[in-house]
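Those sequence lines, one after another, are chains U and Y. If you're matching positions, the first sequence starts at 2 in the working numbering and goes up one per residue. If you're matching positions, the second sequence starts at 96 in the working numbering and goes up one per residue. Where is the CB? At the ideal position from N, CA and C, for every residue including glycine. The structure displayed is predicted, hence computed values, not measured ones.
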Amino acid sequence: MTGALGIVGGGRFGRALAIAIAQAGRDVVLSTRDPHRLEGASLASSLETSAPQEVPKSLHVTTSLRELAAATRCIVIAVRAEEIGARSLELGADLDGGHLVLHALGAVVPQDGRRVTDVLLENLPTLRVGVLAGPAPASDLLAGRAVSMVISSRFADVTTAMRHWLSVPGRIRIYDSTDLVGVELSSAMATAYASGLSLIRGSDSSVATQALLVSRSVGEMHRLLLAVGSDGRAAFGLAGLGTMLATANADVAPVVSSASLLRLRALASQARVAMPLLETVALVANGELSIENAYQRLMQLPSGAE
Amino acid sequence: MALENRLEKLNSQRQGLLDDVVERVVSHQLAAARLGGDAALEYVLNDVCYEETKRIESAGGDAARWSTLASRLHGMSEQEKVLVLRTMVSNFAEDIVGVFNPTAYKVASRVIPSALGFLLAPIHSLRDGANALTSMDSRIVVGGEVDVIRRCAKRGTLVVAPTHSSHLDSPAIGFGLQREGLPPVTYGAGANLFANPFMSYFLRNLGAYRVDRRLKFSLYKDVLKAYSTVLLERGYHSLFFPGGTRCRSNLVERQLKLGLLGTSLAAYANNVRAGRDARVYVVPATINYRLVLEAETLIADYLAERGKRRYIIMNDESSELHRLVDFFRKIFALEGSVVVQLGRPLDPLGHSVDDDGESLDRRGRMVDPRTFLIDSSGQLTDDTQRDAEYTRRLGQQLAQAYVPLLVLHSTAIVARTLWDRLARKYETRDVYRLLRADHSLPVCTWQEACLDVDAWQAFLRSHPAFGQLHTTSGTTSTTVMEDAMRGLSSYHTNIVAERRGDNVYVRDVALLFFYANRLAHIERLA
C-alpha cells in the first residue's frame, strides 16, 4: 500500500483508530488540534485505558490539514459532530477530486439535522465520500480485541480502497454496504437508543425489558430507514443493532446531545414515522421524564403487529 | 463572429468514425465475452435475434432471417460468431451515422426561416411581406448564458441538453444556436422522423444521426453510445434530449435517461487518457412554447398509459402538413412564441463552470475534473461504476438546472390558475376524476382568475428559482389572461378554456392539465 491513511480528529476514536492501523505497520497521518495528547504518559490517561501505549513509528501526528491532504489519498474524519461543518470546510481547501473520504461521526449534524455526507459533499471538492460505522469502541481497538465495522459509499472504489487500509487480520474486520443512507442514519440513531438502554440497565430493569427495548429500537430504526428510501437492513447490521449493543455496554456511558436527539425526532416527524422509543429517550435525556415514568409510558402504548 | 462549424469535417471523417465505433463495440463485447456468463457472444447475438423476431412478428412482418440466425448460433464457431457480431455492429453503425451537407445547411439555416416567415405570416401589404421575410428572428427568442457557452465551445465540446416537448425542438434550438453565433450540433433523431421525406433530407444532411427506438437490445444501445462518445472525443458538438422522448405530460423532466448523457464523461475521460486537453461541457436548456404542436396527442397518450413510455407515437400533429402549417400561422404569428433559454454549462461530473469554463465545486473553488478520474494510488483509471455514479450526479444537477431556466408563458400560468380553481371546486386534483366531472358551469369568475394570475406573477417575480415570467405576454393580469385565452382557443381542435361574460369555463380538461403541468414543480402558492 502506497501513501498513508489520513485521520482527521484526535478524539478517543480517532486516536485509537490511528494507533491500531499504525500498529499493523501502515503509515498513518493523524491531524489533531492537540498533538500533546499523543505524547508519552498523557496518551494512556487521555484514552482512559490502563494499557501502556506507545505511539507507533508509522504514525505521524500533525496539526496541519494541508500536510495531511498532501500525504494521503484516503481519509477518515473523526471529529465531533458539532465541528464537522467548520472542519470539513477547512479540509476542503486542500483536497482535490481524487481524495476518498469517510466520516465516522455516528450522528447527524446537530445544528441543522443534515446527514454528514451531505455536508461533506458541500464542503469538500471530492464526490467520493462515505461513512464508517459499527461497534468499534476505542478501548477495544487499543487493547487489540477484535472489532468490526462497516463502510458504506456510493462508490465501489471508496469501499475497496478503505477496506484495504482499515482491515487488520485478527483485529479489525471490515464489511461493506451500498446503503449509504441506511448505514449513516442507523449509526446516528443507534447511539441515541444506546443511551436509553444504558439508563435502563442502570436502573436494574429485567433482561426481558432490555430485550424489549433492543428489539423495538431496531424496529423503529427499520421503519425510519424504509421511509427515507433505504432498504432497511442496516438497522439489523453493524451500524444499527451492533453499534447499539456495543455502545450501551461500553465502559464509558454514551452521551447524546439534546440537539442531536431533537434533530433525529424532527427527521422522524418529517418522514411521518412514529418513533415512541426515540421520543421517550429524548424526554429522559432532557430530564423531562424519569426512567420509571418512561417505562410506564412505553408500556401503555398500544402494541400492534411486529 | 460565428464559431467554427466542426460538422463540416463530418463527411471526410465519416469512414474513420464508423471504423472507430465498430472496433470499440466489438472489442468491448469480446472482452466481456471472455468473462463468460450472460456476456457470452452467443447470448448477446441471441438477444438481438430474439428481440428482432418479437418486434417484426408483432408488426406482422417476416422475421425468418432472425429466427434462422438464432437457430444457427449454437453450432457456430467462435470465429463465425465474431464475424456475425462485426457485421451486425457495422450495419447498425451505418444506419445510425449521418452526413453533413454544407448546401443543405445553408438552405436550412438561411433560406428556410425567411421563406417560412414569408409563407406563414399574415400578408396584407408589401410592407408586411418585407417584414415577414425577416420576422422569424422575433418568433424564436434565445436567452441565457450565451457568452459563457461561446467561450466553452472554443475550449471544448458542447453537449446541449434541452427539455423535450415537441418534434419542433430540434429545429427551434438549431435555429436559435445558429442565430446566436453558436456552433451547429449533431443529434440523434428518432427513426420515425425520417419517415417524413422533407424532414429526412434535412435531418440526414445536417449531421443528425438516426436512432431507432424500436430496437431494444443492448448491442444497439452500445453502438449508439459508442458513436456519441466518438463524436464528442473528436470535438463534434452534440445535442441530446436527456428526457428521452417528448414529455407527454409537459412536466419539467426530473428523471433523466443517463445512457447517452454518460458518453459526455466517457469522451472526456478518453481525452484525458489520450493526453488531449479538451473539455466537455453539458449545457442545460429549456425550450418554452406558448403552445405545443402535439399537445393533444401527447396528453392523450400520457393519460392512456399513465405516464409509461412504451409506445412510440408514429403519427401525430407534426406528421400532418396542414396541422404544421396551421400551427406556424397561428402560433408563430406572435413574437416570442418559442423561447430557448440556455443555462450555464456543467462539466461531465455535474460541476458548474465559471465564465472561462473552469469547473467549480459547490463552494466555488476551482477543481480540475481530471482529478476525479484517479484512484487512491493516484493513477488514472477506467472505472465504470465510479463513472456511472458521476453521471447519476450529472443527471441530478441537470434536472435541477432546468427549473430556473423555465420561461413561463401566459398559457401555462392561466392553465395552472384554472386547474387550481377546478381542483378546489371538485375537491380533488386527480385528473381522471376531473376528466369525468361536469364542466357546464363556470370554474370561476374572470375577476377571480385575474387575482390568481396576479398572485402567480408576484410569486414568480420574487422566486426566480422556480422559473421566469415570459415578458411579452403582458404585465397585467388582464393582458396575461386575454393572451392566454386567445392562445388556448386558437390552435387546438378543442377550445381549452373560454370567457363568457364575467365567467370562465374549462372546455378541455386534458389540455388544461397539459399546460398547467408546466408549473407542477410549484406545489401551491402560500
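Could you tell me the distance, in whole angstroms, from the CA atom of residue i to the CA atom of residue j?
i, j, result
"U:Arg16", "U:Ile8", "8 Å"
"Y:Cys144", "Y:Trp161", "5 Å"
"Y:Leu529", "Y:Tyr610", "15 Å"
"Y:Asp482", "Y:Ile469", "11 Å"
"Y:Thr358", "Y:Pro337", "12 Å"
"U:Ser291", "U:Gln112", "27 Å"
"Y:Gln110", "Y:Arg119", "14 Å"
"U:Leu6", "U:Cys75", "5 Å"
"Y:Pro537", "Y:Val599", "5 Å"
"Y:Thr571", "Y:Asp549", "8 Å"
"Y:Gly370", "Y:Ala286", "36 Å"
"Y:His558", "Y:Leu614", "13 Å"
"Y:Arg101", "U:Leu101", "38 Å"
"U:Gly305", "U:Ala94", "52 Å"
"Y:Leu355", "Y:Arg250", "22 Å"
"Y:Tyr282", "Y:Arg368", "25 Å"
"Y:Leu288", "Y:Leu112", "23 Å"
"U:Arg198", "U:Asn250", "Here the sequence assigns Leu to residue 198 of chain U, which means Arg is not the residue at that position. When rounded, the distance between both Cα atoms is 9 Å."
"Y:Phe187", "Y:Pro266", "25 Å"
When DSSP labels each residue in this structure, what does residue i get in the three-state scheme?
i, result
"U:Cys75", "strand"
"U:Met276", "coil"
"U:Ser188", "helix"
"Y:Trp514", "helix"
"U:Thr33", "coil"
"Y:Glu593", "strand"
"Y:Pro559", "helix"
"U:Gln301", "coil"
"U:Pro138", "coil"
"Y:Cys539", "strand"
"U:Thr127", "coil"
"U:Ile173", "strand"
"U:Met163", "helix"
"U:Leu242", "helix"
"Y:Gln350", "coil"
"Y:Asn186", "helix"
"Y:Thr163", "helix"
"Y:Arg305", "strand"
"Y:Tyr586", "coil"
"Y:Ile469", "strand"
"Y:Leu437", "strand"
"U:Ser154", "strand"
"Y:Thr392", "helix"
"Y:Pro443", "coil"
The beta strand (DSSP E) with residue i in it runs from where to where?
i, result
"Y:Thr281", "281-285"
"U:His61", "60-63"
"U:Gln112", "Careful: U:Gln112 lies outside any beta strand (DSSP E) and carries neither H nor E."
"Y:Tyr497", "Premise fails: Y:Tyr497 lies in the alpha helix (DSSP H), 479-500, not in any beta strand (DSSP E)."
"Y:Tyr610", "Element bounds for Y:Tyr610: not the beta strand (DSSP E) but the alpha helix (DSSP H), 604-611."
"Y:Ile622", "Since the first and last residues shown for chain Y are 96 and 621, residue 622 of chain Y lies out of range."
"Y:Ile268", "Careful: Y:Ile268 lies outside any beta strand (DSSP E), inside the alpha helix (DSSP H) at 264-274."
Would you mind reading off the limits of the alpha helix (DSSP H) that contains residue i?
i, result
"U:Arg265", "The sequence given here places Leu at residue 265 of chain U; Arg does not occur at that position. Element bounds for U:Leu265: 259-271."
"Y:His332", "Segment: none, Y:His332 is in no alpha helix (DSSP H) and carries neither H nor E."
"Y:His123", "105-128"
"U:His223", "208-228"
"Y:Ser572", "572-583"
Could you tell me how far apart the beta carbons of residue i and residue j are, in whole angstroms, since I believe they sit closer than 8 Å?
i, j, result
"U:Ser153", "U:Val184", "4 Å"
"Y:Gln480", "Y:Gly445", "Actually they do not touch by this definition, with Cβ atoms about 17 Å apart."
"U:Leu128", "Y:Tyr485", "7 Å"
Can you tell me whether residue i sits near the ligand GTP, meaning its C-beta is under 7 Å from at least one heavy atom of the ligand?
i, result
"Y:Leu346", "Only the bare structure without any ligand can be found here, which leaves the ligand GTP out of the picture."
Would you check if the region 311-322 of chain Y and the region 571-588 of chain Y touch, i.e. whether three or more CB-CB distances between them fall below 8 Å?
-> no
Would you check if there are 3 or more beta carbon pairs closer than 8 Å linking the region 32-39 of chain U to the region 59-68 of chain U?
-> yes
Would you check if there are 3 or more beta carbon pairs closer than 8 Å linking the region 209-216 of chain U to the region 159-170 of chain U?
-> no
Validate contact between the region 282-296 of chain U and the region 221-237 of chain U using beta carbons, cut 8 Å, 3 pairs = no
Could you tell me whether the region 109-125 of chain U touches the region 79-86 of chain U, using the rule of 3 or more Cβ pairs below 8 Å?
-> yes
Please confirm if the region 239-254 of chain U is in contact with the region 134-144 of chain U, defined as three or more CB-CB distances below 8 Å between the two stretches.
-> yes
Could you say if the region 498-508 of chain Y and the region 555-563 of chain Y meet the contact criterion of at least three C-beta pairs nearer than 8 Å?
-> yes
Counting Cβ pairs, one atom from each stretch, are 3 or more of them under 8 Å apart for the region 243-263 of chain Y and the region 328-343 of chain Y?
-> yes
Three or more beta-carbon pairs under 8 Å between the region 506-525 of chain Y and the region 471-479 of chain Y, yes or no?
-> no
Give a yes or no on contact between the region 377-385 of chain Y and the region 432-443 of chain Y, applying the rule of three or more CB pairs nearer than 8 Å.
-> yes
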